[in-house]
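Chains as they are written, first to last, in the UniProt record's numbering: chain A, 1 to 183; chain B, 1 to 183.
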């Protein structure tokens with residue numbers, strides 16, 4: 001912990017719906033001061049959901065920060081309705097994709113962008129997925145379309161730039177590894 | 001593109017050293033309005049650098065947003081000194097790790113957190129790495145230590161939570177895949 005920075009001051013610059021922004025003043029290991037811009041995020045959950053015939057569930061949606069449509073695995077932030085990351089994963093699998101499962105297993109958890117954000121992503125593997133009987137209502141500002149893609153189709157969407165975010169690329173890599181273990 | 005949101009207004013909330021924060025008002029596909037918090041980031045480059053004896057280069061550093069030390073592959077934002085993502089990758093490989101290579105090849109590029117940030121990460125594979133003769137000066141507020149880890153050691157650091165960010169987990173997965181292709 002000899003590298004640890006010591007927080008001297010924390011200025012709240014913005015409190016938003018999805019994120020907050022703070023500006024910290026820290027003491028560096030050499031005693032000097034520096035400033036750190038920090039995006040605070042409640043964390044998020046994502047689900048790798050593969051059908052019996054080996055197709056993974058993706059959601060196509062507009063991403064305003066990127067100014068493009070993306071294909072991502074079902075995911076969303078952990079919010080006040082969720083008492084755990086796993087609860088958020090179950091909710092998003094239903095809400096965004098219209099699927100449920102017999103079990104969700106934590107496959108990995110990671111920070112998306114450790115240089116400036118504390119967002120942590122919890123990535124689950126879903127067992128025995130099937131369409132839900134009762135689908136939860138989506139957020140009123142969400143518009144998306146569900147796609148079931150084989151691994152070859154997913155690879156095409158990576159090459160085409162539609163699958164283009166870290167969690168989804170990791171999900172595809174983990175899926176490949178699982179397929180290899182099975183075969 | 002039927003999902004596309006239309007930007008109606010963009011309010012600059014914060015202009016920082018590493019990131020800016022904007023609040024956009026958009027028109028949704030159904031004509032209603034919504035707000036989008038968007039972190040603007042110049043993009044970043046990261047390097048998978050593996051020695052001849054099959055050890056990957058990691059840098060240990062304090063991450064103030066996470067309040068912990070992490071082990072990550074060498075990486076940094078694309079800044080005014082860089083005329084490309086690749087230039088940033090060469091620079092960070094030298095500055096942070098003290099290594100150079102005969103060639104850098106783009107392995108993957110991805111968005112870290114597409115829900116609220118436009119940060120794009122360019123991930124390079126380095127060929128034939130070797131220690132540099134002349135090391136570039138580090139940023140004055142950077143303190144870090146270089147580690148060369150075998151794949152088994154890297155896996156231990158994943159299990160221990162020190163390797164804990166998306167780009168580094170992806171780098172380890174790509175490394176595994178390359179090792180399998182060779183063997």
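Even for Gly, the Cβ is constructed at its ideal location relative to N, Cα and C.
Predicted model, so just to flag it, every value in this text is computed and none were measured.
As assigned by DSSP and simplified to three states, the class of residue i
i, result
"residue 58 of chain A", "strand"
"residue 170 of chain A", "helix"
"residue 127 of chain A", "strand"
"residue 162 of chain B", "coil"
"residue 40 of chain B", "strand"
"residue 93 of chain A", "helix"
"residue 135 of chain B", "coil"
Residue i - containing beta strand (DSSP E), residue span
i, result
"residue 7 of chain A", "6 to 15"
"residue 48 of chain A", "44 to 49"
"residue 24 of chain B", "20 to 27"
"residue 145 of chain B", "144 to 149"
Per DSSP, the bridge partner or partners of residue i
i, result
"residue 120 of chain B", "B:111"
"residue 71 of chain B", "B:60"
"residue 35 of chain A", "A:25"
"residue 98 of chain A", "In DSSP, residue 98 of chain A forms no bridge with anything."
"residue 77 of chain B", "B:44"
"residue 106 of chain A", "A:124"
Counted within 10 angstroms of its Cβ, other Cβ atoms place residue i as buried (16 or more) or exposed
i, result
"residue 140 of chain B", "exposed"
"residue 74 of chain B", "buried"
"residue 84 of chain B", "exposed"
"residue 36 of chain A", "buried"
"residue 182 of chain A", "exposed"
"residue 156 of chain A", "exposed"
"residue 144 of chain B", "buried"
"residue 17 of chain A", "exposed"
"residue 167 of chain A", "buried"
"residue 121 of chain B", "buried"
"residue 138 of chain B", "exposed"
Inter-residue CB distance, residue i and residue j (contact presumed, cutoff 8 Å)
i, j, result
"residue 111 of chain B", "residue 86 of chain B", "At roughly 18 Å, the Cβ-Cβ gap does not stay under 8 Å, so residue 111 of chain B and residue 86 of chain B are not in contact."
"residue 126 of chain B", "residue 41 of chain B", "No, residue 126 of chain B and residue 41 of chain B are not in contact; Cβ-Cβ is about 23 Å, not under 8 Å."
"residue 89 of chain B", "residue 47 of chain B", "5 Å"
"residue 173 of chain B", "residue 72 of chain A", "No, residue 173 of chain B and residue 72 of chain A are not in contact; Cβ-Cβ is about 18 Å, not under 8 Å."
"residue 99 of chain B", "residue 106 of chain B", "Contact doesn't hold; Cβ gap of about 18 Å is too wide."
"residue 113 of chain B", "residue 108 of chain A", "That belief does not hold up - the Cβ atoms of residue 113 of chain B and residue 108 of chain A are roughly 16 Å apart, past 8 Å."
"residue 184 of chain B", "residue 3 of chain A", "Nothing about residue 184 of chain B can be reported from this structure: the residues present for chain B run from 1 to 183 only."
Cβ of residue i within 8 Å of any chain D Cβ
i, result
"residue 9 of chain B", "Absent from the structure is chain D; the protein chains it does hold are A and B."
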